[in-house]
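For the sequence shown, numbering that gives the first Met the number 0 begins at 0 and goes up steadily by one. From the three backbone atoms N, C-alpha and C, an ideal C-beta is built for every residue, glycine too. Before any comments, here is the structure.
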Amino acid sequence: MLEIKNLRVQYGAFAALQDVSLSINDGQVVSIVGANGAGKTTLINTISGLLRPVSGQISFDGKDLLQMEGHNIASMGIAQVPEGRKLFSDMTVYENLLMGSYSKHARPQRQKQLEMVYELFPILKARDKQLARTLSGGEQQMLAIGRAVMMCPRLMMFDEPSLGLAPKIVQSIFEVILRLKAAGLTIMLVEQNVRQSLQISDYAYVLETGRVVIQGSGQEVLANEHTRAAYLGI
0 MLEIKNLRVQ
10 YGAFAALQDV
20 SLSINDGQVV
30 SIVGANGAGK
40 TTLINTISGL
50 LRPVSGQISF
60 DGKDLLQMEG
70 HNIASMGIAQ
80 VPEGRKLFSD
90 MTVYENLLMG
100 SYSKHARPQR
110 QKQLEMVYEL
120 FPILKARDKQ
130 LARTLSGGEQ
140 QMLAIGRAVM
150 MCPRLMMFDE
160 PSLGLAPKIV
170 QSIFEVILRL
180 KAAGLTIMLV
190 EQNVRQSLQI
200 SDYAYVLETG
210 RVVIQGSGQE
220 VLANEHTRAA
230 YLGI
């Protein structure tokens, strides 16, 4: 599905990603693990077309994403749930969800996807006329995920979905990710909760200073001594 080869992204003279190669197969949950500044968000933003690499390749179903604008990448079925949610704060829950379905690709499926969002997050249906800025942090994260679902994605990229949330809400977010996988979506997960993200992952990559240093199944990476020492404090 998604294939990245020798990707290099720079901010001026600083190389945020250095020769990164990875692949995500259809139907997988794949985690990207690393400390702050490792290049995880840069990777997601480059896939989405928000950043342009110095060199390398990114393909989705064999199509070259580096030749496309961001809105065309989204129309191919690649959705991002950004760190910090980035909602339209003075728009209602319902209006925020509609903003996810304005592409020609998503518009015909708007009602079907809306029903899916409300099944995943019943609280959003109850609050559909409420302004996004008045929601709790957990509800705002649900809305950010729901907006991405409205795009009719095949690949959903989550950037720190549990950041700043209570443990109970965090657990519900991970359960939703598994439900999305069961519904046929492919998931790329950048998440500070390393243990929990690796436990639900089919495959994982560890990024350090912009390079892939470890890769393997979620369980293999979880059992790796370096991962345990650096990210789990074991």
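### Task
Throw me the rounded Cβ distance for the residue 186 and residue 155 pair, which I believe falls under 8 Å.
6 Å
### Query
Exposed or buried, residue 63, counting other C-beta atoms within 10 Å across all chains shown (16 or more means buried)?
exposed
### Query
residue 16 and residue 38: beta carbons closer than 7 Å?
yes
### Message
Less than 7 Å between C-beta atoms, sequence neighbours within five positions excluded: which residues of the same chain meet that for residue 33?
### Response
39, 205, 206, 207
### Query
Excluding sequence positions up to five away, which residues of its chain have a Cβ less than 6 Å from the Cβ of residue 217?
197, 200, 203
### Task
State yes or no: is the C-beta of residue 93 within less than 7 Å of the C-beta of residue 127?
yes
### Query
Of the choices 25, 46, 0, 26, whose alpha-carbon is the least far from that of residue 7?
46
### Message
With three or more beta-carbon pairs closer than 8 Å as the criterion, would you say the segment 108 to 128 touches the segment 139 to 146?
### Response
yes
### Query
So, is residue 13 buried or exposed, given that buried needs 16 or more other C-beta atoms within 10 angstroms?
exposed
### Query
According to DSSP, what are the bridge partners of residue 215?
203
### Identity of the residue in 161, 166, 189 nearest residue 28 by Cα
189
### Task
Output the residue ranges of the alpha helix (DSSP H) runs that lie fully inside the segment 125 to 213 and measure 4 residues or longer, sorted by chain position.
136 to 148, 166 to 181, 193 to 198
### Query
So, is residue 89 buried or exposed, given that buried needs 16 or more other C-beta atoms within 10 angstroms?
exposed
### Query
Just curious, the alpha helix (DSSP H) that residue 109 is in, first and last residue?
109 to 119
#### Entry: Beta-carbon gap between residue 96 and residue 137 smaller than 7 Å
no
### Query
Based on Cα-Cα distance, which residue from 42, 1, 30, 114 lies nearest to residue 10?
42
### Task
Would you grab the beta carbon distance between residue 18 and residue 0 for me? Rounded to a whole angstrom, and I think it's under 8 Å.
The pair is not a contact, with the Cβ atoms about 21 Å apart (cut-off 8 Å).
### Task
Pick out the complete beta strand (DSSP E) segments inside the segment 39 to 92, 3 residues or longer, and give them in chain order.
54 to 59, 77 to 80
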